[in-house]
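Note that the protein sequences, when read in sequence, are chains A and B. In terms of numbering that gives the first Met the number 0, the first sequence opens at residue 0 and continues consecutively. In terms of numbering that gives the first Met the number 0, the second sequence opens at residue 0 and continues consecutively. Note sheet for the following structure.
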Amino acid sequence: MSNPFVSNAPQRRRKLERGSKSTLLLAALAALAGLIGLLLAGAHPLVKWALAILMGLASGWMIWLLTEGNQEEPFLRVVKRERISIWKKIGVRISAIVLALLVDALFILCVTGLNPIDVYVTMYQGTFRTNRLIMAALRDWAPLLLISIALAPAFKMRFWNVGGEGQVLMGALGSALVMVYVPQAINTMFPPETAAGLLSGPVIYLLMLLASVALGALWGFIPAVFKANFGTNETLFTLMMNYVAIKIVSSFFNLWRGKASALGQLNMTTKVGWFHGTTVLGVRNVTYLSTIIFALVMMALMFCYLRYTKHGYEISVVGESQRTAQYAGISVKKVTIRTMIISGILCGIVGFLIVGGKDQTISTATAEGNGFTAIIVAWMAKFNAFYMALISAFLIFLEHGSQEITNAYQIMNKYAADIITGIILFFIIGSEFFINYRLVFRSVRKEVR
Amino acid sequence: MTDYAIELRHITKTFGSVVANRDVSMFVRKGEILSLLGENGSGKTTLMNMIAGIYYPDSGEILVDGTAAEIRSPRDAMRLKIGMVHQHFKLINVFTAAENIALVMEHKGKYSLKSVKARAREICDQYGFDLDLDQKVYEMSVSQKQTLEIVKVLFEGADLLILDEPTAVLTPQETERLFNVMRAMRNNGKSIIIITHKLHEVLEISDRVVVLRKGEYVGDVLTRDATTAVLTEMMVGQKVSLNIGRSDPRELHIRLAVRHLSVLNAENVKVLDDVSFDAFGGEILGIAGISGNGQKELLEAIAGLQRGAEGSSVIYYPDDDRDSTAEQLLGKPPAAIRKMGVHLSFVPEDRLGMGLVGSMGMADNMMLKSYKEGHSLLVQRNAPRKLAREIKESLGVITPSIQTPVSRLSGGNVQKVLVGREIAAAPTVLMTAYAVRGLDIHTSYTIYRLLEEQKRQGVAVIYVGEDLDVLIELCDRILVLCGGKMNGILNARKTTKEQVGLLMTKLADKEGKDR
Chain A
0 MSNPFVSNAP
10 QRRRKLERGS
20 KSTLLLAALA
30 ALAGLIGLLL
40 AGAHPLVKWA
50 LAILMGLASG
60 WMIWLLTEGN
70 QEEPFLRVVK
80 RERISIWKKI
90 GVRISAIVLA
100 LLVDALFILC
110 VTGLNPIDVY
120 VTMYQGTFRT
130 NRLIMAALRD
140 WAPLLLISIA
150 LAPAFKMRFW
160 NVGGEGQVLM
170 GALGSALVMV
180 YVPQAINTMF
190 PPETAAGLLS
200 GPVIYLLMLL
210 ASVALGALWG
220 FIPAVFKANF
230 GTNETLFTLM
240 MNYVAIKIVS
250 SFFNLWRGKA
260 SALGQLNMTT
270 KVGWFHGTTV
280 LGVRNVTYLS
290 TIIFALVMMA
300 LMFCYLRYTK
310 HGYEISVVGE
320 SQRTAQYAGI
330 SVKKVTIRTM
340 IISGILCGIV
350 GFLIVGGKDQ
360 TISTATAEGN
370 GFTAIIVAWM
380 AKFNAFYMAL
390 ISAFLIFLEH
400 GSQEITNAYQ
410 IMNKYAADII
420 TGIILFFIIG
430 SEFFINYRLV
440 FRSVRKEVR
Chain B
0 MTDYAIELRH
10 ITKTFGSVVA
20 NRDVSMFVRK
30 GEILSLLGEN
40 GSGKTTLMNM
50 IAGIYYPDSG
60 EILVDGTAAE
70 IRSPRDAMRL
80 KIGMVHQHFK
90 LINVFTAAEN
100 IALVMEHKGK
110 YSLKSVKARA
120 REICDQYGFD
130 LDLDQKVYEM
140 SVSQKQTLEI
150 VKVLFEGADL
160 LILDEPTAVL
170 TPQETERLFN
180 VMRAMRNNGK
190 SIIIITHKLH
200 EVLEISDRVV
210 VLRKGEYVGD
220 VLTRDATTAV
230 LTEMMVGQKV
240 SLNIGRSDPR
250 ELHIRLAVRH
260 LSVLNAENVK
270 VLDDVSFDAF
280 GGEILGIAGI
290 SGNGQKELLE
300 AIAGLQRGAE
310 GSSVIYYPDD
320 DRDSTAEQLL
330 GKPPAAIRKM
340 GVHLSFVPED
350 RLGMGLVGSM
360 GMADNMMLKS
370 YKEGHSLLVQ
380 RNAPRKLARE
390 IKESLGVITP
400 SIQTPVSRLS
410 GGNVQKVLVG
420 REIAAAPTVL
430 MTAYAVRGLD
440 IHTSYTIYRL
450 LEEQKRQGVA
460 VIYVGEDLDV
470 LIELCDRILV
480 LCGGKMNGIL
490 NARKTTKEQV
500 GLLMTKLADK
510 EGKDR
């Protein structure tokens, strides 16, 4: 059937309204002028400030023009991408990093006057200058990755477990308790030779591991049970459990200070429960090699667990819709509790590895805030264990880099270094937007009679 | 001046690679009721959303009252006196009717609920709306919510109203009332676009019909010149036999005996009240009723998803006679029922929120109920993949791949995936809730044929439906629910639409419910 009311009259193109185009250009020029002004070394601070304000105003104007400025077709539209090729994805990410480095360069130039390239090299050296630094980075990387892996199944189930910190602390406490009290018990129960044999053998490590697993699991189990049975809010619950754990650990810390713990370490003289040091990459007495290996193994295991096992399938279904899970005959209660216990156990093991391997002691700072950083890692990686490894490595690289900058330059304090890493993170996270969406600008394709 | 309230010229809209509308040009006259007709996924709602400012066209232009207009947001649409009542109501549950209306006010000026109410009252009186402005939305029936949405749009001062599938959730009586209001609005000079795929309603209410097919404009017809056959042909592009081809039931054998089934909701109110019936293998038992009268609870109780009140029982007969070993299903979770060897398939009303996992592909959805089979810790994906490919092939599911998340598929394809899986499980009892809701004629008939085939294979089919014509043509017996109570079982071959409709509403009147 034909369409009766469409005329075939020639159609003229309508030009983009001259006004909006030229004002936009003006705004861009003003912003550029401000930027150049900021870079003028030696200019009077007042001039700099004035130009900076000009730049801010101009950018605001631009944004206004882009979004609300006129009643024409929107200048800019956001369109969801159906799919994106892997190369484009990589391209977006690389350009994000390049942009971040450019903005950082501006910041470094304007604020400190240092050569940005030098600063970047220093930053890189924070991780790669010596083998010792590489090992230090790996030492910090492994726990962060492990905790991210531990949290991933819970998050995939849409159970907002923000209690990783507490679960790690409780796991650490389990090991510390064994390190402090079991030698005493063994020494009183057995003759000296047997006791010495027991204490240097694998028994003590096994006990530490068991205690850590039990306490970590308990800290995951409690909020899960309440959520499953009474529908409590797991975010608040797990968050508060962190503080309970911190308080418990800090009371033991005080109890042991000067007695079981000397020079900041547990069992300073007997070294019971300490992991044996090995030499790796020429770095001597590395006590955290087991943590690194365990992290790599768990990375592969968790990947398979979530993707190929029945448990993993159940977690996905529960995370998507509890009604669907019910319909499919999956017990939401059971899956919730089981998954949180797994999450807690893994966190507990991290506590064990930190106390026995990396620190040989316990304090409220044992988890170093990794319980929270891991949330970011798990989300950014969309629960893919291999991505988690990359992202946590990147975060550690940034952290060590910023430390190195702080140490190398007197003019850079910790805050300045944090701004540099912050800008990089901002661009990387921001690039996710461009991976999921694309921008469509107003074109002159509009036609009118 | 033009006598077109709105005119669309060469509108094209794409979502990624999917073309929702291609070069559509149409117009609406002032004081006209226009039906926008088309199968599911033919781009009706997308087109209207562009007029209402929800989407922005990729190309083409919109003329309001003869002048080119840029509609970039619902507020722009409002300024141009265009208002849309969406299929899924956009109301705030905890607000009263008046507060919801106040939401659409411009931010300028003083907020005065009193003046809002006064003006809303005026509108209600003018058109004869029955609306309690102080009632909270969550206490309202669907029809009341819809009335509120219309009053809201009129309050904004709309001269062009777009109603998206307004009758989908209404009873015949409520539909009639809505049509009267629509006529009153037209006589007042307003233009109305009604989106629907119910042909008889199109013929009853509209002045002119515009038909879309696969996102493209097919043509327009004056309603007085239109017939069902003509419209159907325009819609589907080919003649579709309206004959479902019901077979006579043979060799009936008892499958389910439901006795005194009652279900309480969270507030301890009986939403299903003492329902008893038998379901036989080899027949289709229809369940009619205004939606929300216990249909959902009935099916979910049988499927083990709802608890039955005391005294309820659902007996399953694995063999073909009443003397055989009978099993009580009530009180057992779905997993336990399956473990007993009962092949109970259930197509729930909420396809993506209950029947399927939206973020998973067809393949992973196939194993939703069977993933546990076998002793391995790992899921076996080969069989579900094969099944997914088979269903994609045999039911013509349109999807880029069996790994594409099913939430990205259109409504009809989602339903095919769900029904396909449930039938593939070789059920002895197959329950479907609103299996064709929102589906186009084509897909609907595919579903009818599948159900009919199941019946011939001796499956006890329970079909909860809303289209009375279909219930009467498809089913063997029809159980009518009203206010959660059973209001009779009718022989579908002998009953009439009027009789079923009466049973759907009679009990409610007796109880003084305002429905």
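Think of the CB as a built atom: it goes at the ideal place given N, C-alpha and C, for glycine as much as any other residue.
Of the residues assessed, A:G429 falls on the exposed side of the cut-off, its CB having fewer than 16 other CB atoms within 10 angstroms. For B:C123, the secondary structure class from DSSP, reduced to helix, strand or coil, is helix. In its chain, beyond the 5 residues on either side, H259 and S261 have a beta carbon closer than 6 Å to the beta carbon of B:D273. Residue environment for B:A265: exposed (fewer than 16 other C-beta atoms within 10 angstroms of its C-beta).
According to DSSP, B:V460 shares a beta bridge with B:I283 and B:L429. For the segment 445–458 of chain B, there are no residues whose beta carbon sits under 7 Å from a beta carbon of chain A. Under the three-state reduction of DSSP output, A:Q183 falls in the helix class. As the crow flies, the alpha-carbon of B:R337 is around 16 Å from that of B:L298. With three or more CB-CB distances shorter than 8 Å, the segment 165–179 of chain A counts as touching the segment 346–360 of chain A. When C-beta distances to chain A are compared with 9 Å, every residue of the segment 261–273 of chain B stays at or above that value. Scanning chain B for C-beta atoms nearer than 7 Å to the C-beta of A:V77 yields nothing, as the closest lies near 11 Å away. Residues S34 and L162 of the same chain have their beta carbon placed closer than 6 Å to that of B:I193, with the five preceding and five following residues left out of the count. Taking the beta carbon of B:K368 as reference, the chain A residues within 7 Å of it are A327 and G328, listed in sequence order. In the three-state reduction of the DSSP assignment, B:H441 falls in the helix class, which pools H, G and I.
Within chain B, the residues placing a beta-carbon under 8 Å from that of A:T323 are G352, M353, G354, L355, V356 and L367, ordered along the chain. Assigned with DSSP and collapsed to three states, B:C474 falls in coil, not helix or strand. The continuous stretches of alpha helix (DSSP H) do not include B:K197, and DSSP gives it neither H nor E. Look at the segment 365–390 of chain A: it has no residue with a C-beta under 7 Å from a C-beta of chain B.
When DSSP reads this structure, A:I221 sits in no beta bridge, so it has no partner. The beta-bridge partner set that DSSP reports for B:H85 is empty. Non-local beta-carbon contacts of A:A104 in its own chain, meaning distances under 6 Å to residues more than five positions away in sequence, involve P115 in chain order. Think of a sphere of 8 Å around the beta carbon of A:E431: no beta carbon from chain B falls inside it, the nearest being about 18 Å out.
DSSP places A:I423 inside the alpha helix (DSSP H), whose first and last residues are K413 to N435.
When 7 Å is used as the limit between beta carbons, B:P347 is near these residues of chain A: Y326, in chain order. Within chain B, the residues placing a beta-carbon under 8 Å from that of A:Y307 are L377 and V378, ordered along the chain. Excluding residues up to 5 positions away in sequence, L144, I148, A384, F385, M387 and A388 lie with their Cβ nearer than 8 Å to the Cβ of A:M298 in the same chain. In the DSSP assignment, A:T277 falls within the unbroken beta strand (DSSP E) covering T277 to V279. Comparing C-alpha distances from A:I93 to each of A:F426, A:Y436 and A:R437 shows the shortest one belongs to A:F426. Per the C-alpha coordinates, the member of B:Q86, B:L36 and B:E155 positioned closest to B:V141 is B:Q86. In the displayed model, B:M233 falls within a helix according to three-state DSSP. Residues I107 of the same chain have their beta carbon placed closer than 6 Å to that of A:L113, with the five preceding and five following residues left out of the count.
Rounded to whole angstroms, A:T405 and B:A362 show a C-alpha spacing of 53 Å.
Under DSSP, B:E326 takes part in a beta bridge, and its partners are B:Y315. In the DSSP assignment, B:F14 falls outside any alpha helix (DSSP H) and within the unbroken beta strand (DSSP E) covering Y3 to F14.
Going by beta carbons, B:D475 and B:A491 fall inside the 7 Å limit. Nearest Cα to A:L208 within the set A:V167, A:T237 and A:F225: A:V167.
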